[in-house]
Each structure stands twice: as C-alpha cells, then as structure tokens.
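Chemist: If you're matching them up, the sequences are chains Z and A in order.
Positions in the first sequence are counted from 1; adding 73 to them yields the working numbering.
Positions in the second sequence are counted from 1; adding 387 to them yields the working numbering.
The beta-carbon is built from N, C-alpha and C at its ideal position, and this holds for glycine as well.
Quick caveat, the model's predicted, so the values are computed rather than measured.
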Amino acid sequence: MHIPDGYLSPQTYLPLYGAFIAVAAVAVKKVKEKFDRKMVPFLGMAASFSFLIMMFNIPIPGGTTGHAVGAAIIALLLGPWVAFIAVSVALIIQALVFGDGGITAIGANCINMAFVMPFTAWYAFKWIRGKTVSSTRISVAAFLSAYISLNVAALVTGIEFGIQPILASGPEGHPLYAPYPLGIAVPAMAIQHLFFFGFVEAIVTLLIFRYFEKNFPEMTEALKMA
Amino acid sequence: MWIAIAVLAVLSPLGLFLPDYFGAGEAWGEWSLETVKEQTGYEPEGMKKDADLYDAPVPDYSFGEGEENLAKKSVGYVGSAVLGVGIILLFTLGAFRLAMQKDRA
Chain Z
74 MHIPDGYLSP QTYLPLYGAF IAVAAVAVKK VKEKFDRKMV PFLGMAASFS
124 FLIMMFNIPI PGGTTGHAVG AAIIALLLGP WVAFIAVSVA LIIQALVFGD
174 GGITAIGANC INMAFVMPFT AWYAFKWIRG KTVSSTRISV AAFLSAYISL
224 NVAALVTGIE FGIQPILASG PEGHPLYAPY PLGIAVPAMA IQHLFFFGFV
274 EAIVTLLIFR YFEKNFPEMT EALKMA
Chain A
388 MWIAIAVLAV LSPLGLFLPD YFGAGEAWGE WSLETVKEQT GYEPEGMKKD
438 ADLYDAPVPD YSFGEGEENL AKKSVGYVGS AVLGVGIILL FTLGAFRLAM
488 QKDRA
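Shown next, in the form of structure tokens:
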C-alpha cells in the first residue's frame, strides 16, 4: 500500500501533503495535552512495531504481496492520535531510508495508513463494541475493527490510484501517472485486502489485543473509551 | 516487550522467503517503471519523470552489493530492520527531548 514516486500527480500528492501537515499539527497538539513521559517508549515501540510488521510481506500465491500495517492495534492500545504519529514516523523512515513509498507520496501514504486507518479502527471498535462488557464481543470488535480499517485504507489508496488517469493524461490519451482507472484500481486494491490482508491485520490485532486486555488492561485506551 | 520487537526483526526475512516460495511478485501499484511498461505497453510520462526522483540510501531494505541470493538478502533485511528500528528510536527520543527543551524555555 506504499505508493511510490511517479504514481500520483502533483494535483493529488500536494493536497495530501497539505492534509498530512494539518493533521500532524493537530496530532502533536492533542498528544502534548495529555503528555506523559512514560509514553515516549511506547511511542517508539509502536512505531518500531509498525515498521517491522510492514516488512512481513505476505504472498498471494502466484500473485502480489501485501502486509499488515499494525495501525489498528496501535490505535486500540494508545489511541488514534498517538497511532497517527507512530505509523507516520515508521512510514517516513521507510520512504527516506529504504525507498519504500515515494517521497512525493509521503503525505498520501501517511494519510492512508496513519490517519484513515487508525481512526477507522478506533471508531469501528467503538461502534461494534457498543456498551458491552462481554469479552467475546470486545474481541469481535477488535478483530473486525482491524479488518475494516485496513480495507478502508486500501479503498482510499485504490481511489487515489484510480483517479490519476482522469487527472492527468498525455496527448495520446495515455495516463501520465498511475495507469489504471478507478474500475480496475479500486477492485484490485479492495479484493486482495478483503480476502486476504484484512484477515492478517485482524488476526495480528486480535492476538496482541487479547494479550494487553489480559495483562495490561489499564494501558489499553480502547477499553477506557466511553 | 522489547524482546518481541527483537524477535520480529530477526524473523523479518520471512517477508522475503514466503513471497519467493509462492512466486508472488511486486505489490499492486508498487511496480517498477519497466513492469508498468510491460503491463500497459507504454511508459507513463509523469511516472518516468518522477520515479527516480529520490535515491534512498538502503533501497528495498537491501544493502546492494553481493545480495544475490536469499540468504544474503536476509542478512541485509535483518540489518535493515535493526537500522530502521534504531533510527525510529533515536528520532522519537530526539523529538521528545526537543519538545521538552522548548517547553522549559
């Protein structure tokens, strides 16, 4: 889901950079409000975790590869704003040091995986959990919120790819950037995440969530939400 | 919990082995310019212009030279994992220090 350089037109990546900077400003403010020294190692750990989990490329046999992002579990454990910062740090290092994701696309990738995803997970969890104290329902909420969040992020990414031919095409009608229209890009991104990577994210999230729920419930932000 | 992070770093080459074993290619929408040309029959102009805009110091989690087989690639991959986590931790700590200093001033 890391959009490389050359896939997005400036009409796409510049506004997304703007959006990213705006969200980052709010995130820093929000996190500073409730800042606690003890959070620094958790932030570092969360960013490291996200960085590493994205290195676990999982194949669809004979086809493409994909990976979990970890943004859902980080949101459930530390809250969506901290998750935004942690996953953004991981994505920026991936782009700058390892060329995974383009530098022009840092804004887009951070919006997709560090903003859309943790916030989707957070609110999906809230909605599915309802007011229950049932452990089964909480587990279901953790699983589904992760599944949904990765799919929403993939959908947004698919749309970003898919609108490129509309935004910029050459004189011969060839797209200048990502070549596939919405009708191809969105299903391609959606199907692999709906049938495959969404479950990977969901299982990873559920396992880690269960561990924290059992051992460190006081540290699990999602359990504190009203 | 830091142990878990270390375990993930050491196991990271699974992210190389599994796709290789199952013959899976590049992620959707992350193809090289050559692959795009093969798939579509042309090189998108803008993509051609921007694709190599930036040279990452450790491209594709590989230190390049001599990483011709999976075993050697794995060493580079684990090295990349350690390097990435190291940079992340330094950055997080640095940003925190900076924020603290600013607040005191």
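1) Measuring only from the beta carbon, is K460 (chain A) closer than 7 angstroms to any heavy atom that is part of the ligand GDP?
2) Got a sec: which bits of the stretch 111 to 142 of chain Z sit with their beta carbon under 8 angstroms from any beta carbon on chain A, in order along the chain?
3) Distance cutoff 8 angstroms, beta carbons only. Does G463 (chain A) sit that close to anything in chain Z?
4) Hey, which unbroken runs of the beta strand (DSSP E) at 3 residues or more fall wholly within the stretch 153 to 216 of chain Z?
5) So, is A275 (chain Z) buried or exposed, given that buried needs 16 or more other C-beta atoms within 10 angstroms?
6) Please confirm if A241 (chain Z) has its CB atom under 8 angstroms from at least one CB of chain A.
7) Can you have a look at L477 (chain A) and say buried or exposed, based on whether 16 or more other CB atoms are within 10 angstroms of its CB?
8) In chain A, which residues lie less than 8 angstroms from D78 (chain Z) when you measure between Cβ atoms?
9) Are the CB atoms of A144 (chain Z) and A194 (chain Z) within a distance shorter than 8 angstroms?
10) Are the stretch 458 to 465 of chain A and the stretch 181 to 200 of chain Z touching, with three or more C-beta to C-beta distances below 8 angstroms?
11) Can you have a look at I281 (chain Z) and say buried or exposed, based on whether 16 or more other CB atoms are within 10 angstroms of its CB?
12) Since A225 (chain Z) meets chain A, which of its residues come closer than 9 angstroms, beta carbon to beta carbon?
13) Can you say whether P134 (chain Z) is buried or exposed, counting buried as having 16 or more other CB atoms within 10 angstroms of its CB?
14) At the level of alpha carbons, what is the spacing between S399 (chain A) and M128 (chain Z)?
15) Tell me, to the nearest whole angstrom, how far the beta carbon of L249 (chain Z) is from that of E432 (chain A); I am working on the premise that it is less than 8 angstroms.
16) Using DSSP with H/G/I as helix, E/B as strand and the rest coil, what is T85 (chain Z)?
Modeler: Taking the geometry as given:
1) The ligand GDP is not among the ligands present in this structure, which contains no ligands whatsoever.
2) Answer set for the stretch 111 to 142 of chain Z: V113, L116, G117, M118, A120, S121, F122, F124, L125, I126, M128, F129, N130, I131, P132, I133, P134, G135, G136, T137, T138, G139 and H140.
3) Reading the second sequence from its first residue, position 76 is the one you call residue 463 (chain A). It does not: the Cβ of G463 (chain A) has no partner Cβ on chain Z nearer than 8 angstroms.
4) Runs of the beta strand (DSSP E) inside the stretch 153 to 216 of chain Z: none found.
5) On the first sequence, residue 275 (chain Z) is found 202 positions in, with the first residue counted as 1. The residue in question, A275 (chain Z), is buried, as its Cβ has 16 or more Cβ neighbours within 10 Å.
6) To locate residue 241 (chain Z), count along the first sequence from 1; it is residue 168. Yes - at least one Cβ of chain A is within 8 angstroms of the one on A241 (chain Z).
7) The residue you call residue 477 (chain A) lines up with position 90 of the second sequence. Exposed, since its Cβ has fewer than 16 Cβ neighbours within 10 Å.
8) Translated into positions along the first sequence, residue 78 (chain Z) becomes position 5. Under the 8 angstroms cutoff, chain A gives D437, A438, D439, L440 and Y441.
9) Looking up residue 194 (chain Z) in the first sequence gives position 121. Looking up residue 144 (chain Z) in the first sequence gives position 71. Their beta carbons are under 8 angstroms apart, which means A194 (chain Z) touches A144 (chain Z) by this criterion.
10) The count of Cβ pairs closer than 8 angstroms, one atom from the stretch 458 to 465 of chain A and one from the stretch 181 to 200 of chain Z, stays below three, leaving the stretches out of contact.
11) Indexing the first sequence from 1 puts residue 281 (chain Z) at position 208. With a threshold of 16 other beta carbon atoms within 10 Å, I281 (chain Z) meets it and is buried.
12) Residue mapping note: residue 225 (chain Z) aligns to position 152 of the first sequence, counting from 1. The question names Ala, but residue 225 (chain Z) in the sequence shown is Val. In chain order: nothing, as chain A lies at least about 17 angstroms away.
13) Within the first sequence, numbered from 1, the residue matching residue 134 (chain Z) stands at position 61. P134 (chain Z) comes out exposed.
14) Residue 399 (chain A) sits at position 12 when you count from the first residue of the second sequence. Residue 128 (chain Z) sits at position 55 when you count from the first residue of the first sequence. Taking the straight line from one Cα to the other gives about 6 angstroms.
15) The sequence position of residue 249 (chain Z) within the first sequence is 176, counting from 1. The sequence position of residue 432 (chain A) within the second sequence is 45, counting from 1. Taking 8 angstroms as the upper bound for CB-CB distance, L249 (chain Z) and E432 (chain A) are in contact here, some 5 angstroms apart.
16) Reading the first sequence from its first residue, position 12 is the one you call residue 85 (chain Z). Three-state result, T85 (chain Z): helix.
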